[in-house]
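Residue numbers (my numbering): 53 to 403. One structure is given here, and the rest of the page talks about it.
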Ligand code: TRP
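Below, the structure is given as structure tokens:
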């Protein structure tokens with residue numbers, strides 16, 4: 053069996069370091085590992101429209117931004133197919149067949165859908181398209197016969213729902229669809245990077261993110277004003293590292309060679325943490341180190357982004373070609389699905 057990756061993001065804003073740590077970095081590594089036969093990366097504009105029906109311009113403008121962020125992070129169009137979801141209409145047809153295999157109460161129990169409904173204050177006014185997006189996500193994954201789906205932890209319930217749909221389809225119509233496996237980042241600190249203000253999540257509306265496209269001075273200013281341990285008032289006070297965003301970011305991004313380069317008086321993060329906990333280590337010093345680490349990580353990304361920004365026509369062409377490739381792959385699966393359901397009448401009748 054071929055090893056195939058499918059993953060994607062909703063284009064509702066530029067991507068930030070939470071996306072990068074939580075999934076993008078892993079995707080680039082998987083792409084470069086050479087272990088996968090195919091890699092599909094989808095800009096999920098149709099899914100983004102499920103809760104932005106009245107703001108299509110927001111989604112449209114961010115399609116290219118997300119494509120630039122992908123390319124900036126090192127997604128390589130020679131190795132990965134980057135495409136736009138709405139350019140693959142086969143996904144919608146698959147979704148409509150899968151809808152018959154899922155109950156309303158099952159979708160209502162999906163924890164991600166539940167949280168999102170609360171977050172958006174939808175209550176009684178949930179758009180039908182939004183409610184059913186877990187089903188369309190199962191179509192996205194299975195259309196490409198994905199065996200691996202590298203995403204953030206928040207997408208786990210979507211993968212569970214997808215596996216159920218695959219099992220049900222195969223049980224009813226015979227072995228047709230491939231069961232996918234989720235791939236989460238190996239570094240636990242990357243699973244959920246908190247916001248700069250210490251809130252649980254980075255989110256555009258809270259204004260607590262570092263964006264991949266942020267300039268050097270913006271990144272620095274954001275880091276220097278990060279929330280830390282509120283009880284660590286004087287330098288000599290003992291400080292907490294648990295739940296302290298500055299240390300969580302260091303857990304996610306710092307490597308021993310960063311210490312050798314930027315903070316040689318400590319051998320590694322454990323030593324730095326121990327000093328902070330003992331007292332006598334000021335926040336400014338830790339933040340300056342975090343700034344050096346983040347700048348080292350983000351500088352090549354920023355440079356590649358600028359390079360692609362100057363070649364926007366090439367980026368558009370990459371998306372157009374990628375969408376053609378994706379359409380062909382999805383059409384082949386749809387053909388098999390229709391055959392399994394025996395609704396491929398004209399083929400059967402041989403006329
Ligand atoms: N739900 C994902 C997000 O919120 C985007 C997405 C749509 C996706 N379809 C997918 C991710 C299929 C992985 C696989 O960003």
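Glycine residues also receive a C-beta, built at the ideal position from the N, C-alpha and C atoms.
- Distances from the alpha-carbon of residue 341 to those of 276, 90 and 62 put 276 closest.
- Excluding the 5 residues flanking it on each side, residue 209 has same chain C-beta neighbours closer than 8 Å at 162, 163, 164, 165 and 186, in chain order.
- Counting other Cβ atoms within 10 Å of its Cβ, residue 78 reaches 16 or more and is therefore classed as buried.
- The Cβ neighbour count for residue 93, taken over all protein chains shown within 10 Å, is at least 16; the residue is labelled buried.
- Residue burial is scored here from C-beta neighbours: residue 397 has fewer than 16 other C-beta atoms within 10 angstroms and is therefore classed as exposed.
- Taking 6 Å as the cut-off, the C-beta of residue 280 does not count as close to any heavy atom of the ligand TRP.
- With a cut-off of 6 Å, the C-beta of residue 134 is classified as distant from the ligand TRP, since no heavy atom of the ligand falls inside that distance.
- Of the heavy atoms belonging to the ligand TRP, at least one sits nearer than 6 Å to the Cβ of residue 192.
- Residue 264 carries a coil assignment under DSSP once its states are collapsed to helix, strand and coil.
- Residue 385 counts as buried, since no fewer than 16 other beta carbons sit within 10 angstroms of its beta carbon.
- For residue 91, the pairing in a beta bridge is given by DSSP as 57.
- In this structure, the beta-carbon distance from residue 138 to residue 190 does not fall below 7 Å.
- Of the heavy atoms belonging to the ligand TRP, none sits nearer than 6 Å to the Cβ of residue 389.
- The beta-bridge partner set that DSSP reports for residue 395 is empty.
- According to DSSP, residue pairing for residue 133 in a beta bridge involves 92.
- Distances taken from the Cβ of residue 159 to the heavy atoms of the ligand TRP include none shorter than 6 Å.
- Taking 7 Å as the cut-off, the beta carbon of residue 357 is found closer than this to the beta carbon of residue 120.
- Listed in chain order, the non-local C-beta contacts of residue 220 below 7 Å within the same chain comprise 153, local neighbours out to five positions each way being set aside.
- CA-CA distance, residue 367 to residue 117, rounds to 10 Å.
- For the ligand TRP, a non-hydrogen atom lies closer than 6 Å to the CB of residue 203.
- Under a 10 Å Cβ-count criterion, residue 372 is classified as exposed, with fewer than 16 other Cβ atoms of the shown protein chains found around its own Cβ.
- Across the structure, residue 392 and residue 382 are spaced so that their CA atoms are roughly 15 Å apart.
- For residue 326, the uninterrupted alpha helix (DSSP H) run begins and ends at 321 to 330, by DSSP.
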